[in-house]
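Line by line, the protein sequences give chains E and Y.
Residues are numbered in the numbering used here as their position in the first sequence, beginning at 1, plus a constant of 1080.
Residues are numbered in the numbering used here as their position in the second sequence, beginning at 1, plus a constant of 454.
Just so it is clear, CB atoms sit at the ideal spot from N, CA and C, and this is done for glycine as well.
It should be emphasised that the depicted structure is a prediction, and the values quoted were computed from it without experimental measurement.
Scroll down for the structure; my scribbles are underneath it.
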Amino acid sequence: MKRREIADTLATVPLFSRCTTADLRTVARHLEVVDIDPGTTLITEGDEGETFYLILDGEVEVSRDGEVVGMAQSGAHFGELALLDPAPRAATVVTKSDCRVGILSVRMFRVIVRELPTVSFGLLGALAGQLREAME
Amino acid sequence: MLFGVVGTGVTDVLTVGGFVPNDAESNRVAQVLEDDFATGTYGWVLLLEAKEKWVYTDFNRAEGERITTLIEEEPGVLEVASFYNIPEPPPPGLSPLRDFTGHLALIGVKLSGSDDEQRRTAAHLTETYAVDNELFYITATGATEISRVAAEVADEDLTRAELLAAPLTLLGLLMVFRGFRAAIIPLIVAVVAVLGSFAALRVATSFVDISIFARTLVTALGLGLAIDYSMLLVARFREELAEGRNVDMAVSRTLQTAGRTIGFSAATVGASLLGLLVFPVVYLRSFAIAGVAIVAMAALASMLVAPPIMRLFGEGIGVREKTTESFWGRQAGRVLNRPIPWLLGVTLILLVLASPILDINPSRIDERVLPKEEPARIAAERIRTDMSMADVNSVHMYAPGGDWEDPQEIFDFTKEVLSIDGPVRMDSTLGFVRLDNTSPINTLSRHFRSIDDDPADGTWFNIVYRFQPDDERIDDLVRTLRDFDTPWDEGILIGGNDATRIDTVDTVVSRVPWALLVIAVVTFVLLFLFTGSVVMPIKALVLNLLSLTATFGGLVWVFQQGNFAETLGITATGTIDVFTPILMFCITFGLSMDYEVFILARIKEHFDLSGDSDESVRQGLGTTGPIVTAAAMLLAIVFFAIATSGVSIVKMFGLGLAVAVLTDAFLVRATLTPALMKLAGRSNWWAPRPLRRFHLRYGVWETDPVDLPPNARPA
């Protein structure tokens, strides 16, 4: 997948909604994009996390303590909590369809968050949303 | 094996010359004199010492004349000036070509062709004529012969150094890795890299001239980088295994992290060697080409040869936990606690070491570059002591507009030249004109007319001066003659051995600032792309410069000023070869940058994750420092082995490099790097915002491999 195509896809993801085109292309340069078969476990609850996942296409199932707590589609992202505040993964994520997933290493995730305020704001917004949901 | 086959015999196709700038005035004179006047400088000299009676005794004279005639008929010989082909007594003003006691006689030979053709002719002449017979002890010397012998001795010494260094390096590697399997990998990689470099040189000689001294570069840099790179790979592989990864994953992660560092390091080292291209001298340019080939081979060999062996050995290679509890980790801690005393103390030491560089006196080599027992050196020293070198080291003046059909004009000009300080005799179409008798004493000499006998070709003059070799007034004389007013609109051009030496030194020295600028700019750009900081490249450049200046100061103190000369078995000449420091600068700058990249990669890796500058320095030095120390010590072994050479410039090269890498590893990287980084704090990573964005998007990033699901496919 070409960098420009990845950047175009990222533009549709809420996390990157404040990003300029240049920012999107910068993120695209560091994002490793892979296709994954259905039924593949991306994250296992309780594991140590070193990776940030962004679903670019497809559907995944999220479960905690063996119970499915929700489904997520294109634009969803996982793993940021463990990368920002080192702790075991809070949930298990399994692909339910053919998925296209963007992956960032912990190092590049932190560099991008530090260097691109537009991404930091997007991430803060996403985290605030998750917090609100949890409080409700 | 292929490299071994292709690289075999590379020494035979490397050039021994290429020291003189192509566009140098003296080079143009040499070309015109050979092409139009079939003459040149006396590059090969035969010294005959009579075993019985005197050199002019009849039976000795007959033998001397026989040898002279045979030499005159040899191919590649332009002209022969022999005690046995001038009248006895010689015409007034002409050197007698014998000593005062009558025991020594000289045969001076001008050789034709390129440097390599002259070397081959000299080798043949030496083999044929420098052989004692019943009447004479016979020895060959002269500039071409000395340079030929120096190259030959250096080549033999290097082979010996390689044989000496190999087992010592293995021993060192065993001590570092504490395991045979881990230790053997760098050695295997080094052998492949060196053979590959020779193969690359062989191929390169098809397109450009490569100096025979590039072999020294292969041994020093090829071996050094190959060991550095493979040590980095093996150390990282062991760490990955220690973190519980399987062998395949450990190899893959090693290549993704350390492999990228190696690629980047190779680019930086190669770029610094390209700085040599600014010198219009084949010798240095060929090092740029050879250097890039060597760096590429070292990187390729380490990345292609080491991984399969690591995979083969697997966990049998020995698992080593990543630790910062090394000497370096502790040293970094000490420096981080008290950065200012460490910074000032070590900087002061380096500045004191550097101080002799203010007296540097660059020049070219003479016979004293050879071991004292070499016949070519002994003969040159006897000539220097017992005879006059005046005719051999004369100044050649070419006058393109000089009209030999106007003898009065030539005579008047000759008188003017003889009126300045230095010249004692001026040879021209008028013959030999002496300082103390300025009237023409010969009939027109055919020697100073062109081979076509065409007045339009101009004429030339041979100016014999009264100064002994090494006299600083020779340089003044050459410069005065270059500015001399002439009766001809076309002016004059000055050549000869002294002018060639001056042209070479002047050209090289004048280009040094440009080379430094190229190296600084290229390094700055590359290090910026690697770190995203504009402070780090400046810090690296300043520290490298400080470290190298200290090394060169030490070299001047020893090799130019003569301290410890007796102990080292060298003869201090009061000068230092202009080429060797430049070559050493590029190699040590490259190796210093290599260490800098190794350390910075780890520091940056940690800083990207933590944002903690001090802890990143401690971690980076703690994990990479031991590799840098070990690599520097292993390299020092190789360089000390090279320093055992009897050729003084090779000794200087080996000793200088050994001191440079040890200074760099122990003083600069272990103290100045952490001290400066501590003082700079987060400013270490500063760059204007647009540049930071640029780096994030286009810079070089040592990507951390992520653990992908097994069925993941690149999109």
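- Taking 8 angstroms as the upper bound on Cβ-Cβ separation, chain Y lies near residues S1185, V1186, R1187, M1188, R1190, V1191, I1192, R1194, E1195 and L1196 of the segment 1185-1207 of chain E.
- By the beta-carbon neighbour count (other beta carbons within 10 angstroms, threshold 16), G1159 (chain E) is buried.
- Contact check for V989 (chain Y) against W1140 (chain Y) passes: the beta carbons are separated by less than 8 angstroms.
- In this structure, A750 (chain Y) keeps its C-beta atom at 8 angstroms or more from the C-beta atom of T595 (chain Y).
- When the alpha-carbon of V878 (chain Y) is set against those of Y:E479, Y:L884 and Y:R888, the nearest one is in Y:R888.
- Scanning its chain for C-beta atoms nearer than 7 angstroms, with the 5 sequence neighbours on each side dropped, one finds around R936 (chain Y) the residues I948, in chain order.
- In the three-state DSSP reduction, G949 (chain Y) falls in the strand class (E or B).
- In chain order, R1187 make up the part of chain E whose C-beta sits under 8 angstroms from the C-beta of E1059 (chain Y).
- Minimum Cα-Cα distance from H1060 (chain Y) among the listed residues E:E1125, E:A1206, E:E1213 and E:V1186 corresponds to E:V1186.
- Counted as a single uninterrupted DSSP element, the stretch harbouring I540 (chain Y) is not any alpha helix (DSSP H), since DSSP gives it neither H nor E.
- At a cut-off of 8 angstroms, the C-beta of E1160 (chain E) has no neighbouring C-beta in chain Y.
- Per the C-alpha coordinates, the member of Y:L872, Y:A853 and Y:A1097 positioned closest to S904 (chain Y) is Y:A853.
- Residues of chain Y with a Cβ closer than 9 angstroms to the Cβ of L1122 (chain E) are, in chain order, P1163.
- For chain Y, the residues of the segment 1081-1102 of chain E that bring a beta carbon within less than 8 angstroms of one of its beta carbons are M1081 and A1102, in chain order.
- Rounded to the nearest whole angstrom, the C-alpha separation of G1110 (chain Y) and R836 (chain Y) is 31 angstroms.
- At a beta-carbon threshold of 7 angstroms, the residues of chain E lying near D1062 (chain Y) are R1187, R1190 and V1191, ordered along the chain.
- Think of a sphere of 9 angstroms around the beta carbon of P825 (chain Y): no beta carbon from chain E falls inside it, the nearest being about 56 angstroms out.
- With contacts defined as CB atoms closer than 8 angstroms, V1082 (chain Y) and R1123 (chain Y) qualify as a contacting pair.
- Looking only at Y:G713, Y:F741 and Y:L687, the smallest Cα-Cα distance to D663 (chain Y) is reached by Y:F741.
- Counting of Cβ neighbours within 10 angstroms places F915 (chain Y) among the buried residues, the total reaching 16 or more.
- Taking the beta carbon of R1109 (chain E) as reference, the chain Y residues within 7 angstroms of it are R1151, listed in sequence order.
- Proximity of chain Y to D1117 (chain E) at the Cβ level (cut-off 8 angstroms) is accounted for by N1165, in chain order.
- Think of a sphere of 9 angstroms around the beta carbon of R1180 (chain E): the chain Y residues whose beta carbon falls inside it are A1169, in chain order.
- Neighbourhood of G1065 (chain Y) in chain E, by CB distance below 8 angstroms: R1190 and R1194, in chain order.
- Taking 8 angstroms as the cut-off, the beta carbon of T1042 (chain Y) is found closer than this to the beta carbon of T1005 (chain Y).
- For L532 (chain Y), no alpha helix (DSSP H) segment is defined; the enclosing uninterrupted segment is the beta strand (DSSP E) at V531 to S536.
- E1147 (chain E) sits in a strand when the DSSP states are folded into three classes.
- Taking the Cβ atoms as the reference, V1101 (chain Y) lies roughly 7 angstroms from D611 (chain Y), within the contact range of under 8 angstroms.
- In terms of beta-carbon proximity, T1172 (chain E) stays away from the interface with chain Y, with every pair separated by 8 angstroms or more.
- Taken in chain order, the whole beta strand (DSSP E) runs of length 3 or more contained in the segment 842-893 of chain Y are 849-853, 877-882 and 885-888.
- Annotated three-state conformation of H1060 (chain Y) is helix, per DSSP.
- Counting along the chain, D1137 (chain E) sits inside the beta strand (DSSP E) bounded by residues T1131 to D1137.
- Only residues of its own chain outside the window of five on either side were considered, and among them T711, R714, T715, A1055 and E1059 have a CB closer than 7 angstroms to the CB of E1156 (chain Y), listed in chain order.
- Burial check for R1167 (chain Y): the Cβ neighbour count within 10 Å stays below 16, so the residue is exposed.
- Identification of chain E residues near R707 (chain Y) by a Cβ-Cβ cut-off of 9 angstroms yields none; the smallest Cβ-Cβ distance measures about 11 angstroms.
- Closer than 8 angstroms to the CB of R1212 (chain E) there is not a single CB belonging to chain Y.
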